C-alpha cells in the first residue's frame, strides 16, 4: 500500500479492471437510468401540458379583454355623439341605456333603464345622433318599454325633407323595411328622399330624421304607391340613446308677432280637434 501510494504501481491494474467492469456497471445502472428518464419525461410533459393550459386560458382572457376594449371604444364614440346631440337639442333630454329585449318574437321592443321616477312619460321619443329609434309605450317606476320603428304598425308622422310632403311611416315587423302608406301614384317621391318628423302629432319634435326611401312601386291601376324605407338610425346596434322630453306646449317656438285673441282661440281649437287627438293617440300606442 505504501509502495502503491508512493509510486502508483497499481494504477495500470486499476485501469484494466475499470475497463473490464465499466460495461457491467452500465448494464446494472440501466434500469435506474431508464426509470429516471421516464419520470423526467412524464414530469416535463405534465408541466408543459399545465403551462399550455395556462397559456390558452390567458389567451382567451386577453381576447375577451380585446373585445371588451373594442366594445368600450364603440360605446365611448356613441356617447360622445349623444353628448353633442344633447348640446344641439333645444329641449330637455335624458340619457338611457337599453337593458334587454323582452322575450317576444312578434313585437320589436326593448327595455330601458329609466322610468317615471326619472321624469320619463308615455310617448316620449327615443333617439340617437342619427335619428329616431322609437317611442316609450309602457312605463314603470325605474324602467320603460320602448317600441322600435320596426315594430308592426308602429306609426310616425313624417314629411319629405326635399319638398315638405307629409305622410306617415309604418313599421312592418322585425327586419322588414318601413312603409309609407296611403299615397297616390302622383306623389312627388324619389328614392333617397329623407323623411323627417313633421311634429304635427305633438309627440315627436319636428325635424328629426326617421328613414330614407329605398324603393318605390307605383300601381297606376289602383292609383297607389308602395313606398319602402330604411331607418336612418341603427335600430339594433347601440345600447345608449336619448329620451327626448318634448312637450309642444312648452317647447314650441314663440311666434314673431304677438297673436290676437282670435288667433289664440283658433289655436286652442286646433289643439282640441278630434283629428289632433287621434293622431296623438296613434303615436302613443
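Numbering (the working numbering), first residue to last: 34 to 318. Glycine is no exception: its CB is placed at the ideal position from the N, C-alpha and C atoms. Given the structure is predicted, the values throughout are model-derived calculations rather than measurements.
Determine the direct distance from the alpha carbon of residue j to that of residue i, and round the result to whole angstroms.
{"i": "residue 184", "j": "residue 241", "result": "19 Å"}
{"i": "residue 146", "j": "residue 268", "result": "17 Å"}
{"i": "residue 216", "j": "residue 156", "result": "26 Å"}
{"i": "residue 84", "j": "residue 74", "result": "15 Å"}
{"i": "residue 270", "j": "residue 165", "result": "13 Å"}
{"i": "residue 296", "j": "residue 234", "result": "Its pLDDT being 33, under 50, residue 296 is placed unreliably in this model, and the value from its coordinates should be taken loosely. So the alpha carbons of these two residues sit roughly 20 Å apart."}
{"i": "residue 262", "j": "residue 223", "result": "11 Å"}
{"i": "residue 160", "j": "residue 264", "result": "12 Å"}
{"i": "residue 70", "j": "residue 57", "result": "20 Å"}
{"i": "residue 48", "j": "residue 62", "result": "20 Å"}
{"i": "residue 42", "j": "residue 59", "result": "27 Å"}
{"i": "residue 46", "j": "residue 35", "result": "16 Å"}
{"i": "residue 133", "j": "residue 87", "result": "34 Å"}
{"i": "residue 82", "j": "residue 54", "result": "42 Å"}
{"i": "residue 96", "j": "residue 89", "result": "10 Å"}
{"i": "residue 50", "j": "residue 44", "result": "10 Å"}
{"i": "residue 248", "j": "residue 209", "result": "13 Å"}
{"i": "residue 64", "j": "residue 93", "result": "43 Å"}
{"i": "residue 68", "j": "residue 52", "result": "26 Å"}
{"i": "residue 91", "j": "residue 131", "result": "31 Å"}
{"i": "residue 196", "j": "residue 260", "result": "16 Å"}
Would a check of beta-carbon distances place residue i closer than 9 Å to chain D?
{"i": "residue 178", "result": "Looking for chain D here will not work: only one protein chain is present."}
Once the 5 residues before and after residue i are set aside, which same chain residues still bring their CB inside 6 Å of it?
{"i": "residue 251", "result": "218 and 258"}
{"i": "residue 199", "result": "192 and 231"}
{"i": "residue 190", "result": "201, 231, 233 and 234"}
{"i": "residue 369", "result": "Past the edges of the chain, shown from 34 to 318, lies residue 369, and the structure says nothing about it."}
So, are the CB atoms of residue i and residue j less than 9 Å apart?
{"i": "residue 226", "j": "residue 194", "result": "yes"}
{"i": "residue 273", "j": "residue 228", "result": "no"}
{"i": "residue 181", "j": "residue 244", "result": "no"}
{"i": "residue 153", "j": "residue 275", "result": "no"}
{"i": "residue 239", "j": "residue 124", "result": "no"}
{"i": "residue 167", "j": "residue 143", "result": "yes"}
{"i": "residue 163", "j": "residue 266", "result": "yes"}
{"i": "residue 211", "j": "residue 205", "result": "yes"}
Who are the near neighbours of residue i in its chain, counting only those whose CB is closer than 7 Å to its CB and skipping five residues on each side?
{"i": "residue 175", "result": "148 and 150"}
{"i": "residue 207", "result": "141 and 183"}
{"i": "residue 171", "result": "177 and 178"}
{"i": "residue 256", "result": "217 and 218"}
{"i": "residue 126", "result": "119, 275, 276, 277 and 278"}
First and last residue of the beta strand (DSSP E) that includes residue i?
{"i": "residue 364", "result": "Nothing about residue 364 can be read from this structure; the chain reaches only from 34 to 318."}
{"i": "residue 143", "result": "142-145"}
{"i": "residue 167", "result": "165-172"}
{"i": "residue 189", "result": "188-193"}
{"i": "residue 122", "result": "Counting along the chain, residue 122 falls outside any beta strand (DSSP E), and DSSP gives it neither H nor E."}
{"i": "residue 213", "result": "211-216"}
{"i": "residue 230", "result": "227-230"}
{"i": "residue 202", "result": "199-203"}
Cutting at 8 Å between CB atoms, please list the residues of its own chain near residue i, excluding the five before and the five after it.
{"i": "residue 291", "result": "The predicted model places residue 291 with a pLDDT of 38, which falls under 50 and marks its position as unreliable, so this point remains unresolved."}
{"i": "residue 117", "result": "162"}
{"i": "residue 66", "result": "none"}
{"i": "residue 253", "result": "218"}
Ordered list of beta strand (DSSP E) runs contained in the stretch 249-275, each at least 3 residues: 257-264
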